[in-house]
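Below you'll find the structure, written out as structure tokens, and then a few comments.
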Amino acid sequence: MGTDVDDGYLVRRAQEGYVDAYAELVDRHGQLAYRVALRLLGNHQDAEDVAQEALVTAWQQLPRFKARSSFSTWLYQIVTRKTLNRITRSRPTESLDLLGDVSKAGEEPGQQTERNLTIDAVTDAVAALPPPQRIAIVLRHFEGLSNAEIARITGGTIPAVRSHLFRGRRTLSQTLEQWR
Amino acid sequence: MTDPGQPVDDIRQLLNGSTRHLACGADIDELLEQAADGHAGQLTEHQSHCAHCQAAFQEFSRVWEPVRLLAAEHVAVPATLKTAVASQIRKLIADVWYTFHLSDAGAISIAARVVATIAREAARTVPGVRAAFGRSAHNTTADPAEGAALRQHHPHAAAGVLGRTAVVDLAIAAEYGSQLEAIAREVQRRAIADLRAKAGLRDVTVNVTIDDVIT
């Protein structure tokens, strides 16, 4: 049974030790954690590791979560920090395997290949951006967040976010233009 | 600034960092932002009459299209993610066995979280219940030192007792306008019946808290 209570209710119950309330939060937001990690890292295995780490960390830190922001904003924070840690610990991954997920029903093999190549190229281009630009681009253009929300998540200022976005968009556009 | 009348035929040159404005004075980064946000069709008064802006929009929208394609892709979450998280959390909360008894064929144990799940699922079958969450509660007959140690280890630790007794807390969100006391009693009745039938428990206490109503 899915529940129609809001995240705030689930967070309060989870803080009281109702583990299944937290399981419901994982159901609702697990995709967010994995999706953001995947877009930032460009690699399924790393993304799964980071999403898992982030969701367990969120559970551990839940008693300290004061609900000044939404649970999803808080989770974005944890995922981006975990991702940043991973990026700084290791070199960019060589394998940017997104091909498994991107075929669409009804497409001809040629169309699928073209689509996969395009998606791979964008994934490569995003993964090559410096981390601050990458985070800003992913949160704005893949997650649809506002500059103010991104500033809250990253702990930066709105002008700083705008600046990262401006530079990230230029770099990404140039790279994609080269690829075409 | 680009030269007046210069066609936007090399987008890389336009975006190389040294050029900030088009010949018409429009800010390149703002135009790129507008195109990336998918608002290239929402032209300002100036843009609707400016060939430079319209040409730039056309190029920026074209080059940004693959990004939009990727952003629109559904990302399937690995099936293993949720179970891996649940497994790690179980280790963290030091879940203890709630029931334990010996049969001729050997020992039977049922984890506290399973007891809580049975109670929760029973609660969710009651009309008027919109959400139910269960946890195994600290039993007064349990060893206080054991419970304290567990909670010190992790604030979410559940303390249980050995044997065939259980205390379960259920948090319920009910439908607005329902008879709350009747719902609570029915939740208790069904949860206790299920725990006895499915987990072989004898002494069962089910504490029901209705802490929210949903319209």
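Chains as they are written, first to last, in the working numbering: chain A, 1 to 180; chain B, 1001 to 1215.
C-beta: ideal position from N, C-alpha, C; glycine also.
Suppose the cutoff is 6 Å on Cβ atoms and the five residues either side in sequence are ignored; what does the same chain contact list for residue i look like?
i, result
"Lys-25(A)", "Note on identity: in this sequence residue 25(A) is Leu, with Lys being the wrong assignment. Excluding positions up to five away in sequence, the list reads Leu-10."
"Ile-87(A)", "Pro-131"
"Thr-57(A)", "Ile-78"
What's the C-alpha gap between residue i and residue j?
i, j, result
"Ile-984(B)", "Pro-159(A)", "Residue 984(B) lies beyond the range of chain B shown here (1001 to 1215); nothing can be said about it."
"Asp-1211(B)", "Gln-45(A)", "40 Å"
"Asn-85(A)", "Ala-37(A)", "12 Å"
"Ser-1048(B)", "Arg-39(A)", "35 Å"
"Ala-1112(B)", "Arg-1135(B)", "8 Å"
"Leu-184(A)", "Ser-69(A)", "Absent from the structure is residue 184(A), since the part of chain A shown begins at 1 and ends at 180."
Should residue i go down as buried or exposed, given a rule of 16 or more other Cβ atoms within 10 Å for buried?
i, result
"Tyr-1176(B)", "exposed"
"Gly-17(A)", "buried"
"Gly-168(A)", "buried"
"Ile-137(A)", "buried"
"Thr-1019(B)", "exposed"
"Glu-1235(B)", "One cannot answer for residue 1235(B) here, as it falls past the ends of chain B, which runs 1001 to 1215."
"Gln-1058(B)", "exposed"
"Lys-66(A)", "exposed"
"Ala-1191(B)", "buried"
"Thr-83(A)", "buried"
"Glu-114(A)", "exposed"
"Gly-1106(B)", "exposed"
"Thr-171(A)", "buried"
"His-164(A)", "buried"
Distance cutoff 7 Å, beta carbons only. Does residue i sit that close to anything in chain B?
i, result
"Asp-20(A)", "yes"
"Ile-135(A)", "no"
"Gly-156(A)", "no"
"Gln-52(A)", "yes"
"Gln-61(A)", "no"
"Asp-97(A)", "Its pLDDT being 36, under 50, Asp-97(A) is placed unreliably in this model, and the value from its coordinates should be taken loosely. For Asp-97(A), the answer is no, since every Cβ of chain B falls outside 7 Å of its Cβ."
"Leu-25(A)", "no"
"His-141(A)", "yes"
Please confirm if residue i has its CB atom under 7 Å from at least one CB of chain A.
i, result
"Pro-1066(B)", "yes"
"Pro-1127(B)", "no"
"Ala-1084(B)", "yes"
"Pro-1212(B)", "The sequence given here has Asp at residue 1212(B), not Pro. Chain A contact via Cβ: present."
"Phe-1057(B)", "no"
"Val-1063(B)", "yes"
Can you find the residues in the same chain that come closer than 8 Å, C-beta to C-beta, to residue i, ignoring five residues on each side of it along the sequence?
i, result
"Val-1187(B)", "Ala-1122, Ala-1123, Val-1126, Val-1129, Ala-1132, Leu-1170, Ile-1172, Val-1206 and Val-1208"
"Val-5(A)", "none"
"Thr-73(A)", "Glu-149, Arg-152 and Ile-153"
"Ala-1026(B)", "His-1046, Gln-1047, Cys-1050, His-1052, Cys-1053 and Ala-1056"
Checking 7 Å against the spacing of the C-beta atoms, do residue i and residue j come in under that value?
i, j, result
"Phe-1060(B)", "Ala-1035(B)", "yes"
"Leu-1081(B)", "Ala-127(A)", "no"
"Pro-1066(B)", "Leu-32(A)", "no"
"Ile-181(A)", "Thr-80(A)", "This structure cannot settle anything about residue 181(A), because the visible part of chain A is limited to 1 through 180."
"Leu-1195(B)", "Ile-1110(B)", "no"
"Leu-141(A)", "Ala-1071(B)", "The amino acid at residue 141(A) is misidentified as Leu; the sequence shows His. Result yes, Cβ atoms of His-141(A) and Ala-1071(B) sit closer than 7 Å."
"Ala-23(A)", "Arg-13(A)", "no"
"Phe-71(A)", "Asp-124(A)", "no"
"Gln-178(A)", "Leu-1015(B)", "no"
"Ile-1183(B)", "Trp-59(A)", "no"
"Val-1063(B)", "Ile-1011(B)", "yes"
Examine the ligand MN and report whether any of its heavy atoms sits within less than 6 Å of the Cβ of residue i.
i, result
"Arg-134(A)", "The model depicted lacks the ligand MN and carries no ligand whatsoever."
Starting from the beta carbon of residue i, find every residue of chain C whose beta carbon is closer than 9 Å, and list them in chain order.
i, result
"Arg-1190(B)", "This model lacks chain C altogether; the protein chains it does include are A and B."
Please work out which residues of its chain come closer than 7 Å, Cβ to Cβ, to residue i, disregarding the five sequence neighbours upstream and downstream, and give them in chain order.
i, result
"Leu-1031(B)", "Cys-1053, Ala-1056, Phe-1057 and Phe-1060"
"Ala-1174(B)", "Gly-1128, Val-1129, Arg-1130, Leu-1180, Ile-1183, Ile-1210 and Val-1213"
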